[in-house]
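Those sequence lines, one after another, are chains A and B.
For the first sequence, the working numbering puts the final residue at 338, and the numbers step up evenly by one.
For the second sequence, the working numbering puts the final residue at 1338, and the numbers step up evenly by one.
By construction, the Cβ of each residue, glycine as well, lies at the ideal position given by its N, Cα and C atoms.
There are 2 protein chains.
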Amino acid sequence: MRGVVMHAPGDVRVDDLPEPTIQQPTDAIIRLAAACVCGSDLWPYRGADEVSEPKPMGHEYVGIVEQVGDQVKQIKVGDFVVGSFFASDNTCEICRAGYQTNCVHADFPGPSQAQLMRVPLADGTLVATPGHPDEDLIPSLLAASDVLGTGWFGAVAAEAGPGKTVAVVGDGAVGLLAVLAAKELGAERIIAMSRHADRQALAREFGATDIVAERGEAGIAKVRELTDGLGAHSVVEAVGTQESMMQAIGATRPGGHVGFVGVLHDVAIAGDDIFMTHVHVHGGPAPVRRFLPDLIERIWNRQINPGKVFDLTLPLDQAADAYTAMDQRTAIKVLLQP
Amino acid sequence: MRGVVMHAPGDVRVDDLPEPTIQQPTDAIIRLAAACVCGSDLWPYRGADEVSEPKPMGHEYVGIVEQVGDQVKQIKVGDFVVGSFFASDNTCEICRAGYQTNCVHADFPGPSQAQLMRVPLADGTLVATPGHPDEDLIPSLLAASDVLGTGWFGAVAAEAGPGKTVAVVGDGAVGLLAVLAAKELGAERIIAMSRHADRQALAREFGATDIVAERGEAGIAKVRELTDGLGAHSVVEAVGTQESMMQAIGATRPGGHVGFVGVLHDVAIAGDDIFMTHVHVHGGPAPVRRFLPDLIERIWNRQINPGKVFDLTLPLDQAADAYTAMDQRTAIKVLLQP
């Protein structure tokens, strides 16, 4: 089968790979209906994460179940399914508390930038849609697999909700979908921090009421200006750098909440940054599985359209162009057709 | 009047000081019924905080109102009152959200290791007891002013409650009272981390179900062993060093909560410590005022006896001995009689 392999930073190719097989009786094999490139794939692409050997890529997926192991009871061959980038049993104490990305049996599905993929712990990891979706729903269901679920977790971790002012640091797909999540969760005011006109427009479409183009201290000052000098109740950090984390903490009012979902790279939080300010800090790899049934329902009912973050669609064989477009920010997010 | 002054690290004296006066129409002057030495007073005493000039000490207090400014409406001369170590208007948006230590008009009462003290924003800061207390209640009411309120906030910030296993790092007065708070809040299991027999005994009296004497990685391993390998749901950090913070984060299960109330000294939290573990982090100077009415009621009804942390009582004039006893850990906490 065809699959995307990163050979070195900047060097992405589509190679012939062996087809995945059932390895554990709890596995499923799914045929991808769509895959995509993640913002986090850009860390190794840009050399910020090491690429020590050729690495098959991808962790976001929707598709049709082609084969299941003997112990898979709920997921059936032929189901259209959405899964998360972590496999989880969804029954352990940590899963039941809503942290499936820390499941005591956590495993990794994929790679998903391919025609077929293996999903461990299929019954815990996958959620079947009510039927096979209309073609136009596929991008949104694919978004639920990671970027929507991650933005949603960021908004939940930041305790976005009715009466709250929510600020979002980062205008990638996750940041934009955190705006959508804040809106769905009932936030009163949503400040998108973005300096790109196209992303500002999508943020507004997703529910942003205010745009702040400034960054760092100037961005913090602007958010305070918009919030009676206090800062936002809830701030979602969707970048993962020291600067963005400090911008998020600084934009939060005393006692407010920072939800951070950008993959952290060399970030350290000084005690002084959170001691005197009473800012709550919570985040990490989103337990997307917690939110999937709800997200699928909202998509199925056409209540939300998170698939709009895919502003470029390419055949799988042009994956190199997809990486280039995201790296150069000419596309927000690229959907790959296997 | 007589008052405690720190002249330099290790050099505490009781000097003749001018009596405090009403400076703002919202001030009150109170005559101390009791004062005490705080664990945080030991930071400058030990030279960890600079003492650039002689500094009158103390921020924990109970006493009788002797004088009020023109704009003080609720607090009356003659009231027996308990206050927090931060003055707050208790009406601003941040106060109403429960973060009075970040009141937009926050100010500092005291110094309180003296015969008389000034309390700014008296109506917001002070809570009058139902009447003048019996003598035996005074230590507990004094504890409410800081160490109980701080331990309580630590337990609340760590989301201690029914069904939860709570671990407490630190066996000073705040840590011991975090044990008491966790018990009152309904925690199922309470692990006190202490290596001192007398403090272990008091922790058990306050509600600890388990004692862990190990520290650092060994302490973390022991807490995990007691919790099916997962870690505690809620961990209170009541020390304020890098080691104790890492011990607290490490002892928390994925998705669990760390409530930190030790005054942080050169602490930095690496992103990796909280990203993959999904640990919630929240703390800072306790908004004691949020809890005071409830704490006073529990004390008044003799439901709790937090005053037990005072294991030495000295006249104000022997304040130097009080500091020595706490520094050398021969006393948990010393009550000073003005």
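So GLY1255/B contacts chain A; which residues on that side make the cut at Cβ distance below 7 Å?
For the purposes of this step, residue 1255/B is taken as the residue at position 255 of the second sequence. Those within 7 Å of GLY1255/B in chain A are ILE94, ALA97, GLY98, TYR99, ASN102.
Which partner residues of ASP1210/B appear in the DSSP bridge assignment?
Numbered from 1 along the second sequence, position 210 holds the residue referred to as residue 1210/B. According to DSSP, ASP1210/B bridges with ILE1191/B.
Counting only C-beta atoms, is LEU1121/B closer than 7 Å to chain A at any point?
Within the second sequence, the letter at position 121 stands for residue 1121/B. So, not an interface residue.
May I ask you to list the residues that DSSP assigns as paired with SER234/A?
One-based indexing of the first sequence puts residue 234/A at position 234. Paired residues: VAL166/A, HIS257/A.
Return no unless some Cβ of chain A is closer than 7 Å to the Cβ of HIS1282/B.
Numbered from 1 along the second sequence, position 282 holds the residue referred to as residue 1282/B. True, the Cβ-Cβ gap to chain A drops below 7 Å.
Kindly list, in the order they appear in chain A, the residues whose Cβ is closer than 9 Å to that of GLY1151/B.
Counted from its first residue, the second sequence places residue 1151/B at position 151. Those do not exist, as GLY1151/B stays about 16 Å from chain A at its closest Cβ, beyond 9 Å.
What are the start and end residues of each continuous alpha helix (DSSP H) run of 4 or more residues lying completely inside the stretch 239 to 290 of chain A, in chain order?
Here the runs fully enclosed are 242 to 250, 271 to 275.
Let me see if you follow: with CB-CB separation under 7 Å, is ILE1064/B close to chain A or not?
Within the second sequence, numbered from 1, the residue matching residue 1064/B stands at position 64. It does not; no Cβ of chain A falls within 7 Å.
Is any beta-carbon of chain A found at less than 7 Å from that of GLY1271/B?
Numbered from 1 along the second sequence, position 271 holds the residue referred to as residue 1271/B. Yes, contact with chain A.
Is it buried or exposed for GLU243/A, if we count other Cβ within 10 angstroms and need 16 for buried?
Position 243 of the first sequence, counting from 1, holds the residue named residue 243/A. GLU243/A should be labelled exposed.
Have a look at LEU1148/B, ASP1321/B, GLY1003/B and flag the residue whose alpha-carbon is nearest the alpha-carbon of GLU1184/B.
Translated into positions along the second sequence, residue 1184/B becomes position 184. Among LEU1148/B, ASP1321/B, GLY1003/B, the Cα nearest to that of GLU1184/B belongs to LEU1148/B.
Starting from PHE153/A and walking both ways along the alpha helix (DSSP H), at which residues does that stretch end?
Locating residue 153/A in the first sequence gives position 153, counting from the first residue. 147 to 157 is the span of the alpha helix (DSSP H), which, as asked, contains PHE153/A.
ASP317/A to ASP15/A, Cα distance in whole Å?
In the first sequence, the residue the question calls residue 317/A occupies position 317. In the first sequence, the residue the question calls residue 15/A occupies position 15. Roughly 9 Å between the two C-alpha positions.
On the DSSP bridge assignment, give the partners of TYR117/A in chain order.
Along the first sequence, one-based indexing puts residue 117/A at 117. Correcting the residue identity first, residue 117/A is Met in this sequence and not Tyr. MET117/A pairs with ILE30/A.
Can you name, in chain order, every residue of its own chain whose Cβ lies under 7 Å from the Cβ of VAL1341/B, other than the five neighbours on each side?
The question about residue 1341/B has no answer, for chain B in this structure spans 1001 to 1338.
Could you check which residue in ASP146/A, THR165/A, SER194/A, PRO20/A has the C-alpha nearest to that of MET117/A?
Counted from its first residue, the first sequence places residue 117/A at position 117. The option with the nearest alpha carbon to MET117/A is PRO20/A.
For ASP1171/B, which of PHE1291/B, LEU1230/B, VAL1309/B has the nearest alpha-carbon?
Locating residue 1171/B in the second sequence gives position 171, counting from the first residue. Closest by alpha carbon: VAL1309/B.
Got a sec? Which residues, its chain only, sit under 7 Å from ILE1274/B by beta carbon, not counting five neighbours each side?
As a first step, residue 1274/B must be located in the second sequence, where it is residue number 274. Excluding residues within five positions, the ones whose Cβ falls inside 7 Å are ILE1249, VAL1281.
So, with DSSP's three-state summary, where would you put GLY216/A?
Residue 216/A sits at position 216 when you count from the first residue of the first sequence. Here GLY216/A sits in helix by DSSP.
Could you check what DSSP says for ALA106/A in three-state terms: helix, strand or coil?
By 1-based counting over the first sequence, the position of residue 106/A is 106. Note: ALA106/A maps to coil in three-state DSSP.
Which same chain residues end up closer than 7 Å to ASP1321/B when comparing Cβ atoms and leaving out the 5 residues on each side of it in sequence?
By 1-based counting over the second sequence, the position of residue 1321/B is 321. For ASP1321/B, where only same-chain residues beyond five positions count, the Cβ hits under 7 Å are LEU1314.
Per the contact definition of three or more C-beta pairs closer than 8 Å, is the stretch 151 to 170 of chain A in contact with the stretch 221 to 237 of chain A?
In short, these stretches touch, since the Cβ pair count reaches three.
According to DSSP, which residues form a beta bridge with CYS1036/B?
Residue numbering aside, residue 1036/B sits at position 36 when the second sequence is read from its first letter. Its beta-bridge partners are LEU1335/B.
Could you run through the stretch 1276 to 1301 of chain B and flag, in chain order, every residue whose CB is less than 9 Å away from some CB of chain A?
Listed by position along the chain: MET1276, THR1277, HIS1278, VAL1279, HIS1280, VAL1281, HIS1282, GLY1283, GLY1284, PRO1285, PRO1287.
Locate the beta strand (DSSP E) running through GLU1066/B, then write down its first and last residues.
Within the second sequence, the letter at position 66 stands for residue 1066/B. Run containing GLU1066/B: 1062 to 1068, per the beta strand (DSSP E) assignment.
For SER1052/B, is the classification buried or exposed, using 16 other Cβ atoms within 10 angstroms of its Cβ as the cut-off for buried?
Taking the second sequence and counting its residues from 1, the one referred to as residue 1052/B is at position 52. It counts as exposed.
Starting from LEU1316/B, trace the alpha helix (DSSP H) both ways and give me its first and last residue.
Here the question's residue 1316/B lines up with position 316 in the second sequence. That residue, LEU1316/B, is in no alpha helix (DSSP H); it is neither H nor E in DSSP.
For TYR1099/B versus PRO254/A, is the C-beta distance shorter than 7 Å?
Looking up residue 1099/B in the second sequence gives position 99. Looking up residue 254/A in the first sequence gives position 254. Result yes, Cβ atoms of TYR1099/B and PRO254/A sit closer than 7 Å.
What whole-angstrom Cβ distance do ALA1251/B and ALA1167/B have, given they're in contact under 8 Å?
The residue you call residue 1251/B lines up with position 251 of the second sequence. The residue you call residue 1167/B lines up with position 167 of the second sequence. About 5 Å; that satisfies the 8 Å criterion.
Do GLY284/A and HIS1278/B have their CB atoms nearer than 7 Å?
Your numbering for residue 284/A matches position 284 in the first sequence. Your numbering for residue 1278/B matches position 278 in the second sequence. Result yes, Cβ atoms of GLY284/A and HIS1278/B sit closer than 7 Å.
Would you say VAL267/A lies against chain B (beta-carbon separation less than 7 Å)?
Translated into the one-based positions of the first sequence, residue 267/A becomes position 267. It does; some Cβ of chain B falls within 7 Å.
So ARG1096/B is in the alpha helix (DSSP H); what residue range does that whole segment cover?
To locate residue 1096/B, count along the second sequence from 1; it is residue 96. From DSSP, the alpha helix (DSSP H) with ARG1096/B extends over 1093 to 1096.
Report all residues from its chain with a CB closer than 7 Å to the CB of MET1/A; omit the five preceding and five following residues, and keep chain order.
Here residue 1/A corresponds to residue number 1 of the first sequence, with the count starting at 1. Counting only Cβ-Cβ distances below 7 Å, and skipping sequence neighbours, we find LEU17, GLU19, ALA114, GLN115, LEU116.
How about the stretch 132 to 146 of chain A and the stretch 294 to 311 of chain A: do they share at least three Cβ pairs that are nearer than 8 Å?
Output reads yes: the stretch 294 to 311 of chain A touches the stretch 132 to 146 of chain A.
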